[in-house]
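Okay, structure first, notes after.
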Amino acid sequence: MASARTSPNGTLNQVHVQQIECLVVLSEELHFGRTAERLGYSPSRASQLVAALERRIGARLVERTSRRVALTRFGAQFVDEVRPAYESLAAAFTRARDRAMRGSLRELRIGFHGSVHVEVAEAFRLLREGHGVTVALSEIPLGSPFADVLEGRLDAALVELPSHESELTVGFRFPPQEQFLTVAASHPSAPAGRIGVEELAGFDLVRPAGDAPGYWTAARVPPTTPAGVPIRSATGVRTVQEGLALVASGAHAMLVCRPLAEQITRADLRCLSVEGMTERSQLGLVWRTDRTGPQLTALASLLAGVCDSPSTKVKG
Numbered sequence: 592m593a594s595a596r597t598s599p600n601g602t603l604n605q606v607h608v609q610q611i612e613c614l615v616v617l618s619e620e621l622h623f624g625r626t627a628e629r630l631g632y633s634p635s636r637a638s639q640l641v642a643a644l645e646r647r648i649g650a651r652l653v654e655r656t657s658r659r660v661a662l663t664r665f666g667a668q669f670v671d672e673v674r675p676a677y678e679s680l681a682a683a684f685t686r687a688r689d690r691a692m693r694g695s696l697r698e699l700r701i702g703f704h705g706s707v708h709v710e711v712a713e714a715f716r717l718l719r720e721g722h723g724v725t726v727a728l729s730e731i732p733l734g735s736p737f738a739d740v741l742e743g744r745l746d747a748a749l750v751e752l753p754s755h756e757s758e759l760t761v762g763f764r765f766p767p768q769e770q771f772l773t774v775a776a777s778h779p780s781a782p783a784g785r786i787g788v789e790e791l792a793g794f795d796l797v798r799p800a801g802d803a804p805g806y807w808t809a810a811r812v813p814p815t816t817p818a819g820v821p822i823r824s825a826t827g828v829r830t831v832q833e834g835l836a837l838v839a840s841g842a843h844a845m846l847v848c849r850p851l852a853e854q855i856t857r858a859d860l861r862c863l864s865v866e867g868m869t870e871r872s873q874l875g876l877v878w879r880t881d882r883t884g885p886q887l888t889a890l891a892s893l894l895a896g897v898c899d900s901p902s903t904k905v906k907g
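For the sequence shown, this note's numbering gives the first residue as 592, with consecutive numbering after it.
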């Protein structure tokens, strides 16, 4: 295994880690036979590796006689300089191998829509403190809930359900949430604070734009009212904030879950309860089934714990 090129003259990229390893062990054993035994190859191979390293550096590193082996002054100085880097590299390799054997990661790449709620942030904190796993967050397009996970760019995503994708596991389901209709503060329905579900037919609802399956999009924006009256949805948005900006302009409305409704503080928006609407919004943690690992299952367990905690419990 050759190291990466890091010098202009191209020397380092031709030095093998095996050569460095052999010299470091030889400096401890001062015997080619014992060095070879520790490393698992023949004494002649050990001698060849050290000789190749000497040729690459351009100086003798080891004095060899029939009676003894010793480092030259140049060789001793080189070992002192290279040993910390070699030991650091060896330790990093061992840690990576151990993590691979356990299916372990030190960092999870998690996607989300809109915002990260308090119970989710608490689960991330517990994951870091209790399991040594950090979380790298990425906001994903509102209408593309599954693509980044399916294609391996993310380890998991916190997205609206349902998920009927055969390759995905829903590791945790948050409590279902009531849905509200967000309208401009100037809309005639705003002062009442509520509308009937059949009145949704009178609004142009923004919809998530992206590659989401049809069943998922229909769950976000119902195509008809319960009585079968079509609901208009002519405009797609890629983020929650984009949708709220369109709603504030007065030409559109947007269905949002209770936690998001409670976070909206803009004076130009109002969130109306929708009487007669039985469909609930539900968030889930999804990941690729073939990449299930202890860090993801630990995160799912932590989410279950914090969602049941009175201090962070999501309102239904």
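For each residue, glycine too, the CB sits at the ideal point set by N, CA and C. Remember, predicted model here, so these are calculated numbers, not experimental data.
query                                                                                                                                   : result
Which of helix, strand or coil DSSP assigns to A642                                                                                     : helix
At least 3 beta-carbon pairs within less than 8 angstroms: the stretch 847 to 863 vs the stretch 764 to 776                             : yes
Identity of the residues DSSP links to R764 by a beta bridge                                                                            : G875
Backbone CA spacing between R640 and G649 [nearest angstrom]                                                                            : Note on identity: in this sequence residue 640 is Leu, with Arg being the wrong assignment. Using only the alpha carbons, I get a separation of about 14 angstroms.
Host alpha helix (DSSP H) of T888 (start-end)                                                                                           : 885 to 899
Reference E769; option with closest CA among Q609, S840, A852                                                                           : A852
Counted within 10 angstroms of its Cβ, other Cβ atoms place R596 as buried (16 or more) or exposed                                      : Below a pLDDT of 50, predicted positions are generally treated as unreliable, and R596, at 40, falls in that range; no measurement from the model is reported.
Span of the beta strand (DSSP E) around A661                                                                                            : 660 to 662
Alpha-carbon to alpha-carbon, L652 and S594                                                                                             : Residue placement at S594 cannot be trusted, given a pLDDT of 42 that sits under 50; what the coordinates show is reported in the next sentence. Taking the straight line from one Cα to the other gives about 20 angstroms.
Cross-strand partners of T626 (DSSP beta bridge)                                                                                        : DSSP, once it has assigned bridges, lists no residue as partnering T626.
For T827, three-class secondary structure by DSSP                                                                                       : It should be pointed out that residue 827 corresponds to Gly in this sequence rather than to Thr. The answer is strand: DSSP assigns G827 an E or B state.
Reference G705, options D739, V750, A727, A682, closest by Cα                                                                           : V750
Counterpart residues of M845 in DSSP-defined beta bridges                                                                               : T773
Three-state secondary structure assigned by DSSP to H722                                                                                : helix
For I786 and Q886, the rounded distance between their alpha carbons                                                                     : 43 angstroms
Reduced DSSP secondary structure (H/G/I, E/B, other) of A792                                                                            : helix
Assigned exposure category for L621 - 16 Cβ within 10 Å defines buried                                                                  : exposed
Distance between I611 and E672 (C-alpha atoms, nearest Å)                                                                               : 11 angstroms
Rounded separation between D899 and L680 - CA only                                                                                      : 43 angstroms
First and last residue of the uninterrupted alpha helix (DSSP H) at E742                                                                : No alpha helix (DSSP H) holds E742; DSSP gives it neither H nor E.
Under the three-state DSSP convention, the category T685 falls into                                                                     : helix
Length of the line joining the Cα atoms of P911 and A781                                                                                : In this structure the chain extends from 592 to 907, so residue 911 is not present and cannot be described.
Reference P559; option with closest CA among S618, V797, F684, T830                                                                     : Outside the shown range of the chain (592 to 907) lies residue 559, about which nothing can therefore be said.
Residues bridged to T850 [DSSP beta-bridge criterion]                                                                                   : The identity of residue 850 in the sequence shown is Pro, whereas the question assumes Thr. Answer by DSSP bridge pairing: none, since P850 is not bridged.
Reduced DSSP secondary structure (H/G/I, E/B, other) of T808                                                                            : helix
Per DSSP, cross-strand counterpart(s) of I786                                                                                           : V865
CB of A714 within 7 angstroms of CB of V897, strictly                                                                                   : yes
Residue burial classification, A661 (beta-carbon count within 10 angstroms, cutoff 16)                                                  : exposed
R700 (DSSP reduced to helix, strand or coil)                                                                                            : strand
Segment contact flag, the stretch 742 to 762 with the stretch 804 to 820, C-beta cutoff 8 angstroms, min 3 pairs                        : yes
L894 versus V877 - alpha carbon distance                                                                                                : 13 angstroms
Contacts around S757, its chain only, beta-carbon distance under 7 angstroms, and the 5 residues preceding and following it disregarded : none
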